[in-house]
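Participant: Just so you know, my numbering puts 189 at position 184 of the sequence shown, and the rest follows in order with no gaps.
Yeah, the Cβ is synthetic: ideal placement off N, Cα and C, and Gly gets one too.
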Amino acid sequence: MAFREPTQHPAPPAATPTPPPRTANEPGARVSRASLTDPPARRRTGGALLAAGLLLASSLTTLALAPAAHAADTLLSQGRPATASSQEGDGYAPAAAVDGNLTGTRWASQWSDQQWIQVDLGQQATLSRVVLTWEAAYGKDYAIQASDNGTDWRTLKTVTGGDGGSDDLALSGTGRYVRMQGIARAGGYGYSLWEFQVYGSAGGGTTQPPAGGAVKVEGTQGNWRLTVGGQPYTVKGVTWGPAASAGPTYLPDVKAMGANTIRTWGTDASTKPLLDSAAANGIRVINGFWLQPGGGPGAGGCVDYVTDTTYKTNALTEFAKWVDTYKSHPATLMWNVGNESVLGLQNCYSGAQLEAERNAYTSFVNDVAKKIHSIDPDHPVTSTDAWTGAWPYYKRNAPDLDLYAMNSYSNVCKVRQDWIDGGYTKPYIITETGPAGEWEVPNDVNGVPDEPTDVQKADGYTRAWNCVTGHQGVALGATLFHYGTEHDFGGVWFNLVPDGLKRLSYYAVKRAYTGTTAVGNTPPVLSNMTVSPATSAPAGGEFTVHADVRDPDGDPVTYKIFLSGNYANGDKGLVAAQWRSTGNGTFAVTAPQKLGVWKVYVQAEDGHGNAGIETKSVRVVAPPVSGTNLALNRPATASSSQQSYGDCPCTPQLAVDGRADTRWASDWSDPQWIQVDLGAAKALRTLQLVWDPAYGKAYTVQLSDDGTTWRSAYATTAGDGDVDTIGLAGTARYVRLQLTARGTGWGYSLHEIGIYG
C-alpha cells in the first residue's frame, strides 16, 4: 500500500474543504505515517467573484509581524463610529469595516488614490496593533495614523509594497482616533477592507479572556511552556474518534484515563456538542481544520496551492467563521491547521513543482494563522505534518505559527534530535503517536505487515510518552492515537477501545497520564500466537490457531475469532469466523472461500469490559485435488492475451505452470477462450479453475479429441470467481474454456487450470 505519485494529477475541487470522517482506518489509521529524515513512500488512505474584482485572498503576506500571541490587548474598534473619505456605494459604508463580520461585509472607497478610513475609539487609548483584512482591492502603500482630536494626525506605521491579505501591524503610540491613510492602490479599483481592527488598552481596560483563561505559549528558547489562564498545562491527550454527539458517552472515560485534551481533524457546525461535552468534563479540545491532500490520495484530492485562489479563499473564509464561533468556548485549547499535507503533496506533484507547492502550502498555513490571530488572540495556532522534513518549510514560510505539531509513531523518539539539528525556535506538540503502523513494520511470511502484539502496542504508547516528556521545555505534550471505537482492521491495530472494549494500550496510557500503576482490572494477555498452515490454508477447509492466554486478575476468559479480508479483497471489516475449540488455547478455524491473505484475530474477553486481541495472517489457497495434474506445463493457447498491463505479459502458458503467482489474462471483451493440449487422449475426472479477480461469470467446458470438433462437458452462467472445482467424466486430448460473459469490467484471468485424471 505504499503511496505512489500519480501519473495524472486529480483536478483540484473548488468547493470549501470538508474534513472527512476520521477513523482508525484512515490515519491513519491511518493512517499514513512516516519516518523523520527523508520523505518516505506513504502507506495507508463561498468565495464568489465580486463585481468590483476577483476575491483573491490567496497567499497573503503580513508586512510587519506582530508577536504570534496577543492575549494582552483588547479589540477597541468593533462597533465604534467609523468614517471615510468616500464609499463605492450604499452597500460599502465604513461602518461595515468595524462590524466584526470578517467575510460578509466590507468598506470600499471610490476608485482613486489618497482615500482613508478612520474609527473613533471613544476615548484615549494605548495602541498595540492594528489588523487590516483586505478584500482584493487592497492598499499597496498606506500609513496608519493616530489622533487625539480627529484633526491633527501622527503616523505610527508606514507600509510600502503591500500585497493584500491580512496585515497584522504592531503599533506603539496613543490616540482616540485611528486612520488608514491610503497612498497608492494595488490596481484599478479603490481600497476595500473586510475589517479594520484596532487593538490596545483604553481607560485601563484589559482583554477579556475566554472562560477558563487565555491559552499562551510562554517562555524562551528551549524553556517554553503552555499555560491556560496563567497556569502551566501539559497536553495529555488522545485523538478523538467517536461522533461529536457521542461526547457525553465517552468523554467521562477519557477523563478517567487522566487525559485533559482531545484532538479533532475538522471543525464545523457539528463541533459544538463535542466542545460542550468536553467543557463539562474539564477537557480541552485542539480544534482541527482539514486541508487537502491531508496525508495522501483518498483524503480529498490534490490542490494547486500556487494557483488555486478559489480553494484558498473558501478555506480561509470557512475557517475564520468557525474560529469566530468557537473562540470563546471554554473547551477550546488551540487551532490546528492542516494534517500531513507537506508530506502528502508528494502524492500529487514531483520535482520543482512539488517544492513550489510545499512552499505555497506552508505560506497559506501562515495566512490562516494570521487570520486566526486577528479573530482570536487568546488561543495558539499550530499545523501538523508527518515528517520533520516538513518543518523547514514551516520555519521559512509560517512564522506566525505559535508552535509546531508532528504525527510520528515508531520514530517519535527521533523528533527531539531532528528538532535540535534543525535549529528550530518554536516548541512543538505530538498530535499522533503510538505503536508502529503498517508502514513501519516488517512483512510476515505472507508478505503483509506483521502487526505488533498487544504487549508491544502498550509498550509503544509508554515509550512514546516518555520520549515526549523527555524533551522538557520544548515538547509541550501529545495526543495519542487513537480513542476510537471501530472494531475493524485499523481499529484493532490502533484503537484503545474497539467496540468499547479496553485494551492493554488503554491502561498503558492511563498509567502514563495518571502516574499510577493502580489502574484496576486489566485485560487478558495473549502471546505466542501461531497459525498452521500459515501459507497454505485450503479454501473452505480448516486451519489451526493457537495462543497462550493468561488473565492478570484470574478472571474466566471467553473467546471470539474474527477474519478480515483487508489484504484479500480490501474489506477492512471483521467478520465472525466459523471455529471450534480443541482445548488449551487451540482452535480449528474454517478458512474463507476467497483466496488470498487474510488476517485471523483471537479475541479474549474477561467479562469486565476488557479484551486482549492478537492477530496473524493466513494465506488461503485452492483446496488440493487428488490425482495427477495432466495440464501441468502442457501447451496452452488462447484467443488473446494481455501483453503490457500490470504484471503482464500474461500468456496462456502461465495458466498451466503450477504457480499461484502467475496468470493468463485476455483482452477486455467477450467472447474469449483458452485451451490445453494434453498430448494424447486422457481419462478426465476433475477440472479446477483458480481465478484472478477478473473471473468468468458464464462459460462452457468443452472437450475434443482433435482440437476441431468440440463437445460440451459443463456449463454455468453463475460463476463467482475464486476457485471452481468441476467434476468431469470422459476422455479427451484437448480441454477448452469457452468464455462468454465476464464477471468484471476487465477481461478473463486465470492463475491456474488444473486438469486431473
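#1: By DSSP, does residue 757 sit in helix, in strand, or in coil?
#2: Quick check on the DSSP output: the beta strand (DSSP E) that includes residue 265 runs from which residue to which?
#3: Would you call the CB atoms of residue 233 and residue 126 closer than 8 Å?
#4: Since residue 634 sits in a beta bridge, which residues does DSSP pair it with?
#5: Verify whether the separation of the beta carbon atoms of residue 145 and residue 190 is less than 8 Å.
#6: Leaving out five residues before and five after residue 217 in sequence, what residues of the same chain have Cβ atoms less than 7 Å from its Cβ?
#7: For the 8 Å Cβ check, are there 3 or more pairs between the stretch 448-462 and the stretch 391-407?
#8: Mind checking whether residue 734 and residue 721 have CB atoms under 8 Å apart?
#9: Around the C-beta of residue 153, are 16 or more other C-beta atoms found within 10 angstroms, so that it is buried, or is it exposed?
#10: Assuming residue 530 and residue 506 make a contact with CB atoms under 8 Å, what is their CB distance in whole Å?
#11: As a quick exercise: from 237, 683, 383, 557, pick the residue whose alpha carbon is nearest that of residue 329.
#12: Ends of the beta strand (DSSP E) at residue 232?
#13: How many Å lie between residue 285 and residue 615 at the Cα?
#14: I think residue 782 touches residue 478, with their Cβ atoms under 8 Å apart; what is that distance to the nearest whole Å?
#15: Taking the alpha-carbon of residue 746 as reference, which of 504, 105, 674, 412 has the nearest alpha-carbon?
#16: Here's a check: name, in chain order, each residue in its chain whose Cβ is nearer than 7 Å to the Cβ of residue 253, leaving out the five neighbours to either side.
#17: Please return the same chain residues whose Cβ sits closer than 8 Å to the Cβ of residue 41, not counting the five positions on each side in sequence.
#18: Assuming residue 267 and residue 242 make a contact with CB atoms under 8 Å, what is their CB distance in whole Å?
#19: Going by DSSP in three states, residue 310 sits in which element: helix, strand or coil?
#20: So, for residue 227: in the same chain, excluding its five sequence neighbours on each side, which residues have a beta-carbon less than 8 Å away from its beta-carbon?
#21: Near residue 464, what residues of its chain come up, given a Cβ to Cβ distance below 7 Å and the 5 sequence neighbours on each side ignored?
#22: With a Cβ-Cβ cutoff of 8 Å, do residue 601 and residue 761 count as a contact?
#23: Could you please give the first and the last residue of the uninterrupted beta strand (DSSP E) stretch that includes residue 412?
#24: Following the continuous beta strand (DSSP E) through residue 147, name the residue where it begins and the one where it ends.
#25: Between which two residues does the beta strand (DSSP E) containing residue 498 stretch?
#26: So is residue 589 buried or exposed if we call it buried at 16+ other beta carbons inside 10 Å?
#27: Whose C-beta lies closer than 6 Å to the C-beta of residue 182 among residues of the same chain, with five residues either side of it excluded?
#28: Comparing the C-beta of residue 193 with each C-beta of chain B, is any distance below 8 Å?
#29: For a test of the three-state rule: what should DSSP assign to residue 590, helix, strand or coil?
#30: Using the DSSP secondary-structure output, state which residues sit across from residue 548 in a beta bridge.
#31: Kindly identify the DSSP beta-bridge partner or partners of residue 137.
#32: Roughly how many angstroms lie between the CA atoms of residue 352 and residue 718, to the nearest whole one?
#33: Which value, in whole angstroms, describes the spacing of the CA atoms of residue 147 and residue 193?
#34: For residue 319, count neighbouring C-beta atoms within 10 Å of its own C-beta (all shown protein chains included) and say buried if the count is 16 or more, exposed if not.
#35: How big is the Cα-Cα spacing for residue 209 and residue 136?
#36: Report yes or no: do the stretch 512-525 and the stretch 593-612 share at least 3 C-beta pairs separated by less than 8 Å?
Facilitator: On the basis of the data shown:
#1: Looking at residue 757 - three-state DSSP - the assignment turns out to be strand.
#2: Where residue 265 is concerned, there is no enclosing beta strand (DSSP E), given that its DSSP letter is neither H nor E.
#3: With contacts defined as CB atoms closer than 8 Å, residue 233 and residue 126 fail to qualify as a contacting pair.
#4: Residue 634 is bridged by DSSP to 761.
#5: Against a cut-off of 8 Å, the Cβ pair of residue 190 and residue 145 comes out as a contact.
#6: Only 233, 234, 335 meet the Cβ criterion.
#7: With the cut-off at 8 Å, the stretch 448-462 and the stretch 391-407 do not touch.
#8: It is not a contact, given that the beta carbons lie outside the stated cut-off.
#9: Exposed, by the Cβ-count rule.
#10: At roughly 14 Å, the Cβ-Cβ gap does not stay under 8 Å, so residue 530 and residue 506 are not in contact.
#11: Closest option to residue 329, Cα to Cα, is 383.
#12: Looking at the DSSP string, the run of the beta strand (DSSP E) that includes residue 232 is 228-233.
#13: So the alpha carbons of these two residues sit roughly 26 Å apart.
#14: No statement about residue 782 is possible, as the shown extent of the chain runs from 6 to 762 and does not include it.
#15: Of the listed residues, the one whose Cα sits closest to residue 746 is 674.
#16: Around residue 253: 282.
#17: Model confidence at residue 41 stands at a pLDDT of 33, short of 50, so the residue's coordinates are unreliable; what they give is reported in the following sentence. Once the five neighbours on either side are set aside, the close Cβ partners of residue 41 are 392, 393, 394, 413, 416, 419, 420, 423.
#18: Indeed they touch by this definition, with Cβ atoms about 6 Å apart.
#19: In this structure, residue 310 counts as coil in the three-state DSSP scheme.
#20: Excluding its 5 nearest sequence neighbours in each direction, residue 227 has C-beta neighbours in its own chain below 8 Å: 478, 479, listed in chain order.
#21: So the list is empty, once near-sequence residues are dropped.
#22: No, Cβ-Cβ distance for residue 601 and residue 761 is not below 8 Å.
#23: Annotation: the continuous beta strand (DSSP E) that includes residue 412 extends over 409-412.
#24: Per DSSP, the unbroken beta strand (DSSP E) holding residue 147 starts and ends at 144-152.
#25: Careful: residue 498 lies outside any beta strand (DSSP E), inside the alpha helix (DSSP H) at 494-499.
#26: With fewer than 16 other CB atoms across the displayed protein chains lying within 10 angstroms of its CB, residue 589 is exposed.
#27: Within the same chain, residue 182 has close Cβ partners 123, 125, 152, 155.
#28: Going by chain labels, chain B is absent from the structure shown, which holds only one protein chain.
#29: DSSP, read as helix, strand or coil, puts residue 590 in coil.
#30: 594.
#31: According to DSSP, which records beta bridges pairwise, residue 137 is partnered with 172, 201.
#32: Straight-line Cα distance between these residues: approximately 51 Å.
#33: When rounded, the distance between both Cα atoms is 16 Å.
#34: Around the Cβ of residue 319, a 10 Å sphere holds 16 or more other Cβ atoms; the residue is buried.
#35: With a pLDDT of 38 at residue 209, under the threshold of 50, the predicted position of this residue should be treated as unreliable, though the coordinate-derived value follows. Taken atom to atom, the span from the alpha-carbon of residue 209 to that of residue 136 is near 21 Å.
#36: In short, these stretches do not touch, since the Cβ pair count stays below three.
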